[in-house]
Amino acid sequence: MRRILILLLALDGLVSLATHGGDGGSDFLIGTDGATVAVSGSRQAPDSQPTTRSGVSDQGDENPRSAEETEFDECLNGWDSARRCFRPKFERDAPPSAPPGIPAIAMTDLAAFAPDAVTTVGEPGNLGVAGMPTNFVAAASTRTQTGALFGIPLMVRFTPSGYDFHYGDGSSASTRTGGQTWAALGQAQFTPTSTSHVYRQRGAYLADVDVRYTAEIDLGDGWFPVAGELTTDGPVSRIRIFEAHTALVAHTCAARPSSPGC
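Spelled out as structure tokens, the structure:
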């Protein structure tokens, strides 16, 4: 409680002080000339405690409070003055974002690394006989390419997984192999193989083969497969098909080159 002092008389010098305890009592100051000064007021009883608002302490905290928190506490102490108190809201720092990882790689992203297209060859010498097998061979093999994708260096390995032969007469066939020559197979000419085709009519046909590949990539930590297949469209080859006729002759063409049919 605040103490109110009322000075009744100004004295030049004070020599003694007489007090009367208790709240609401008066103090008397006696001067050297016999004059007195009466001091009236009130004081806190010795055993009373100062009033504080719950939750607010004037003792030092182990963790220093911020200026905003201190201002909020002072506002609470003066709540009876009808002031509104607002606690500041602190925005927490967003957690650091993870560094960008390697983007997902799709088969379409590897089109720039595709192996060269393969040209199919018909035996013998892109010639054939109507009604007899023409043997087709597509010499595709595993290919490894190097380069960069999305700014990241890498290696790409393509492995043939399928062959789609288009024979030019409206028919086609899909195989797991590109075929081999008759000589490599140890077979006679005009015998069936897994990649041979029989033309029914003589004429010229444009044949081609599309090779399908699976792919793997290496970013420096080993090979990883990429889902799907990549297809290369091969150029066309002109295949000429002839008719074969039999005739009874007395001599071979080597013995008599002028014989019919020679």
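Residue numbers for the sequence shown follow full-length UniProt numbering, so the first one is 1 and each next one is one higher.
Even glycine gets a Cβ: it sits at the ideal position worked out from N, Cα and C.
Taking the alpha-carbon positions, what's the residue i to residue j distance?
| i | j | result |
| --- | --- | --- |
| A138 | G178 | 5 Å |
| P235 | A204 | 16 Å |
| D233 | H245 | 36 Å |
| P225 | L127 | 40 Å |
| F136 | P124 | 9 Å |
| A106 | T142 | 19 Å |
| A114 | A148 | 13 Å |
| L248 | S196 | 30 Å |
| S66 | F72 | 10 Å |
| A227 | A215 | 8 Å |
| G170 | D221 | 46 Å |
| C262 | Q201 | 22 Å |
| M132 | L185 | 18 Å |
| A112 | I239 | 31 Å |
| Q145 | D116 | 11 Å |
| E91 | E69 | 15 Å |
| C253 | F190 | 21 Å |
What is the DSSP secondary structure of residue i, counted as helix, strand or coil?
| i | result |
| --- | --- |
| T193 | coil |
| M132 | coil |
| D233 | strand |
| E74 | helix |
| F113 | helix |
| A148 | strand |
| E216 | strand |
| A67 | helix |
| E243 | coil |
| A173 | strand |
| D164 | strand |
| R200 | coil |
| V156 | strand |
| G31 | Its pLDDT being 46, under 50, G31 is placed unreliably in this model, and the value from its coordinates should be taken loosely. DSSP places G31 in strand when its eight states are reduced to three. |
| A188 | coil |
With residue i as the anchor, note down where its alpha helix (DSSP H) starts and where it stops.
| i | result |
| --- | --- |
| A184 | 182 to 185 |
Check for me: the beta strand (DSSP E) holding residue i runs from which residue to which?
| i | result |
| --- | --- |
| G128 | 127 to 129 |
| M107 | Looking at the DSSP string, M107 is not in any beta strand (DSSP E), and its letter there is neither H nor E. |
| A138 | From DSSP, A138 is part of no beta strand (DSSP E); its letter is neither H nor E. |
| A250 | Neither: A250 is in no beta strand (DSSP E) and is coded neither H nor E. |
| E123 | 121 to 123 |
Counting only beta-carbon separations shorter than 7 Å, does residue i have a partner in chain D?
| i | result |
| --- | --- |
| T146 | Structure shown: chain D not included; a single protein chain is present. |
Going by DSSP, which residues form a beta bridge with residue i?
| i | result |
| --- | --- |
| S259 | Looking at the DSSP assignment, S259 forms no beta bridge with any residue, so it has no partner. |
| V226 | A215 |
| R238 | L206 |
Are the CB atoms of residue j and residue i within a distance shorter than 7 Å?
| i | j | result |
| --- | --- | --- |
| W207 | G151 | Checking the sequence, you will find Ala at residue 207 rather than Trp. In this structure, G151 does not lie closer than 7 Å to A207 by Cβ. |
| V198 | Y163 | no |
| L154 | I241 | no |
| S237 | T134 | no |
| V156 | L110 | yes |
| T181 | S194 | no |
| F165 | Y213 | no |
| P160 | A183 | no |
| A130 | E229 | no |
| S259 | H251 | yes |
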